[in-house]
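Scroll down for the structure; my scribbles are underneath it.
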Amino acid sequence: TTVHWHGILVPPSMDGVPYISQAPIAPSATFTYEFPIRQSGTFWYHS
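Start counting the sequence shown at -12; every next residue gets the next number (this note's numbering).
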C-alpha cells in the first residue's frame, strides 16, 4: 500500500505509485510522508 495524492504537489518519490515512484509499504510496516505544503486548497488522496 502507498498513499497517492491528487492535486497537491509532492516530491516524485512520495507520489504513491507502488513499484514506479516508491516501494510499496509492507503490511505492519510504517512510512512517514514528510514534505512542505506550499499550496492551499481542497485535495484528494487514497491508498
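The beta carbon of each residue, even a glycine, is placed where N, CA and C say it ideally should be.
Under the 10 Å beta carbon count, T(-11) is surrounded by 16 or more other beta carbons and is classified as buried.
Note that the C-beta distance between F30 and G(-6) is below 7 Å. Residue environment for Q26: exposed (fewer than 16 other C-beta atoms within 10 angstroms of its C-beta). No Cβ-Cβ contact shorter than 7 Å links M1 with Y32.
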